[in-house]
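Asker: If you count the sequence shown from 1, position 108 lands on 470 in our numbering, and the numbers rise without skipping.
In this text, a Cβ means the ideal position worked out from N, Cα and C, and glycines have one as well.
Remember, it's a predicted structure, so these values are computed and weren't measured experimentally.
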Amino acid sequence: MVKILRRERLVPNIHLLEVEAPEVARKCRPGQFVIIMPDERGERIPLTIADWDVKKGSVTSVFMIVGTSTHKLSLLNAGDEVPVFVGPLGKPSEIEKYGTVVCAGGCFGIAAIYPIARALKEAGNKVVTLLDVKANYLLYWEDKLKAVSDEFYVSARDSFFDCKDYIPKTLKSVVKKESGINRVVSIGCTYLMYTCSEATKSLGIKTMVSLNPIMVDGTGMCGACRVTVDGKTKFACVDGPDFDGHLVDWEELFTRRKAYFEDEVQSLCHWERNQFP
Ligand SMILES: Cc1cc2nc3c(=O)[nH]c(=O)nc-3n(C[C@H](O)[C@H](O)[C@H](O)COP(=O)(O)OP(=O)(O)OC[C@H]3O[C@@H](n4cnc5c(N)ncnc54)[C@H](O)[C@@H]3O)c2cc1C
Ligand code: FES
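1. So, for P374: in the same chain, excluding its five sequence neighbours on each side, which residues have a beta-carbon less than 8 Å away from its beta-carbon?
2. With I549 and I475 assumed to form a contact (beta carbons below 8 Å), what rounded beta-carbon distance in angstroms separates them?
3. For C390, list the residues DSSP reports as bridge partners.
4. Could you pull the start and end residues of the beta strand (DSSP E) that L493 belongs to?
5. Which residues, in chain order, sit with a beta-carbon under 7 Å away from any heavy atom of ligand 2?
6. Could you name the residues of the same chain whose beta carbon sits closer than 7 Å to that of N544, not counting the 5 residues immediately before and after it, in chain order?
7. State yes or no: is the C-beta of M426 nearer than 8 Å to some heavy atom of ligand 1?
8. What do you reckon, is the C-beta of T552 under 8 Å from a heavy atom of ligand 1?
9. Could you tell me if the beta carbon of V627 falls within a distance shorter than 8 Å of some heavy atom in ligand 1?
10. For the region 439 to 446 and the region 503 to 513, state whether three or more C-beta atom pairs, one from each stretch, are separated by less than 8 Å.
11. What residue range is occupied by the uninterrupted beta strand (DSSP E) comprising I421?
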């Protein structure tokens with residue numbers, strides 16, 4: 363069993379989970395993920411490692427509540443235990459000195475992109491961070507990300523920030539304004555990563571995305587996370603999760619992610635009925 367050190371709501375629907383896992387913390391690299399099971403009767407779900415502390419022996423993830431497992435995680439508290447917490451899994455993100463890199467993140471991707479932005483900054487890049495939120499009260503980790511960014515933009519649908527457009531349009535304006543962008547890294551929901559990749563395609567700027575297909579074992583054995591990249595079959599858990607967004611078969615990914623939609627809805631309804639009779 364693995365102990366929860368902290369579970370905290372950051373903004374509505376998005377929670378932080380810090381877990382005691384010294385072995386995982388020692389080996390973590392930016393872009394990797396863990397697989398966690400909220401309880402003995404639950405599912406194994408992947409979460410990106412958003413931060414870690416080798417001294418404390420802890421690993422932090424940030425998750426958005428979307429279905430049964432993430433609802434269950436949101437009810438855990440410090441001192442509770444989970445039966446499965448494995449990692450770090452997946453290939454670490456490519457970190458080199460590219461020049462100027464835009465880190466574009468939304469929802470849980472705001473946290474997931476943090477260690478990548480930090481490592482890119484440490485590698486000597488100029489880091490331009492662009493975050494997307496529906497409204498200003500959904501923004502979190504602003505200070506953490508500002509601390510590792512040379513430029514910082516927020517795109518929100520309300521009027522609190524400069525940019526009101528959805529992220530791909532803002533990304534295009536940022537690319538124009540900053541000029542000489544060498545690479546874009548985009549993390550968040552599938553639609554956000556798809557639209558960011560589309561926005562940079564005609565500009566020829568390499569855009570890395572962290573794919574989030576359904577995963578089961580996370581070790582390349584089950585095939586659940588199959589994606590097509592550059593016409594070749596890849597398993598996101600061992601060949602990724604980072605891939606070149608311009609080469610991903612997005613239509614296939616969108617379709618495969620919906621494969622268990624009805625079961626997911628039924629599971630959530632069943633769980634809610636038992637939880638809140
Ligand atoms: C490598 C990897 C890393 C990931 N990292 C994170 C992370 O750091 N934080 C995080 O919150 N999630 C992350 N995810 C997604 C996360 O694993 C799923 O959200 C989770 O498995 C959902 O489980 P559930 O039982 O709560 O919902 P389910 O019942 O499985 O899904 C409920 C509904 O939500 C939709 N859905 C599922 N996932 C998402 C999503 N990410 N965004 C929008 N809608 C979704 C499904 O299509 C379904 O309709 C990651 C996925 C992968 C593959
Ligand atoms: S999750 Fe099973 S092969 Fe990737």
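Answerer: In brief:
1. Y499, L500
2. Contact holds; Cβ gap of about 5 Å.
3. None; C390 has no bridge partner.
4. 488 to 495
5. M577, V578, D579, G580, T581, G582, M583, C584, G585, A586, C587, F597, A598, C599, V600
6. Y460, G461, T462, V463
7. yes
8. Result yes, Cβ under 8 Å from ligand 1.
9. yes
10. no
11. Per the sequence shown, residue 421 should be read as Val rather than Ile. That run of the beta strand (DSSP E) goes 420 to 426.
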